[in-house]
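Asker:
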Amino acid sequence: MSGGYEGLRSSQVAEAAGVNPQTLRYYERRGLIAEPARTLGGHRLYPADTVTVLRGIKAAQRLGFTLEEVSELLDAVRPGGGRAGGGFQERARLKLAEVERRIIDLQAIRTALLTAVSAGCDDVSSCAAEASCPFPVSDLGGAITEGGG
C-alpha cells in the first residue's frame, strides 16, 4: 500500500473471504473481528489474517453455530481469552446433540407431511372430518377461538 500503510481494504478482504463488505462492518460491531487500522483518508486496512478469521466464522456457521457461539469460541482462542483449545470439543458435542434433536424433529415433520400427501386431501376442512386426517384443523379451530390465538 502507498503511504506506508499495509493491509487489505474492505473489498479485498470481503472478496477473499467470500462475504460482502457490510458483513465486515457487522462483524466489527459484534466484536468478531478487530476494528482495523485506517489510512489518513479513513479507509479501513485489515491485517491479512482477517481473511482466515472470516473463513473460520463462516465455517462455524455452516456447522450450525450461532454468531454468539462463534464469538465465544473466538474469545476462548484469543490471547488471554481462556483455556487452551477453547473448549471446542465440548461445544462441538453440545452442537451435535442439538443437531441430532433437530433431525429427530425434522423426521417427525417429514413423516407427518408424507402422511398428509398420501392422504390426498385438497380441502383441509373436509379432510379434518376424517379420522385419518394428519392435520386436525377442527381441533385447532376450537383452540384458536378459546385461546384467542
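Heads up, the sequence shown is in UniProt numbering, so the first residue is 1 and it goes up one at a time. Even glycine gets a Cβ: it sits at the ideal position worked out from N, Cα and C.
Could I get the ranges of all uninterrupted beta strand (DSSP E) runs contained in the region 2-29, with 3 residues as the minimum, in chain order?
Answerer: None, since the region 2-29 contains no complete beta strand (DSSP E) of that length.
Asker: Helix, strand or coil: how does DSSP classify Ala37 here?
Answerer: Taking the first residue of the sequence shown as 1, we reach residue 37 at position 37. In this structure, Ala37 counts as strand in the three-state DSSP scheme.
Asker: Starting from the C-beta of Glu28, find all residues in its chain whose C-beta is less than 6 Å away, skip the five residues before and the five after it, and write them out in chain order.
Answerer: In the sequence shown, residue 28 corresponds to position 28, counting from 1. Within the same chain, Glu35 come within 6 Å of Glu28 by CB-CB distance, once the 5 residues on both sides are set aside.
Asker: So, at 8 Å on beta carbons, what are the nonlocal neighbours of Ser2 in its own chain, with the 5 sequence-adjacent residues on each side left out?
Answerer: Here residue 2 refers to the residue found at position 2 of the sequence shown. Residue confidence for Ser2 is low, a pLDDT of 44 falling below 50, so the modelled location carries little weight; the figure read from the coordinates is stated next. Sequence-distant partners of Ser2 (beyond 5 residues in either direction) whose C-beta falls short of 8 Å from its own C-beta are missing from its chain.
Asker: Can you give the Cα-Cα distance for Leu40 and Ala59, rounded to whole angstroms?
Answerer: Here residue 40 corresponds to residue number 40 of the sequence shown, with the count starting at 1. Here residue 59 corresponds to residue number 59 of the sequence shown, with the count starting at 1. If I take the Cα positions, the gap works out to 34 Å.
Asker: Where does Arg93 land, buried or exposed, given buried means 16+ other C-beta within 10 angstroms?
Answerer: Working through the sequence shown from its first residue, we reach residue 93 at position 93. Exposed, because fewer than 16 other Cβ atoms sit within 10 Å of the Cβ of Arg93.
Asker: Go ahead and label Gly149 buried or exposed: buried means 16 or more other beta carbons lie within 10 angstroms of its beta carbon, across all protein chains shown.
Answerer: Translated into positions along the sequence shown, residue 149 becomes position 149. Residue confidence is low: Gly149 scores 49 on pLDDT, short of 50, so the model does not pin down where it sits. Its coordinate-derived value is still stated next. Label assigned to Gly149: exposed.
Asker: Leu45 by DSSP, collapsed to three states: which one?
Answerer: Working through the sequence shown from its first residue, we reach residue 45 at position 45. It is a strand residue.
Asker: 8 Å is my cut-off, CB to CB: does Gly87 come that close to chain C?
Answerer: Given the protein chain composition of this structure (a single chain), no chain C is represented.
Asker: How big is the Cα-Cα spacing for Ser11 and Leu96?
Answerer: Taking the sequence shown and counting its residues from 1, one reaches residue 11 at position 11. Taking the sequence shown and counting its residues from 1, one reaches residue 96 at position 96. So the alpha carbons of these two residues sit roughly 34 Å apart.
Asker: Which runs of the alpha helix (DSSP H) at least 4 residues long sit entirely within the region 89-133? Give them in chain order.
Answerer: 124-127
Asker: Using the three-state DSSP reduction, which class does Thr66 fall into: helix, strand or coil?
Answerer: As a first step, residue 66 is located in the sequence shown; it is residue number 66 there, counting from the start. DSSP places Thr66 in coil when its eight states are reduced to three.
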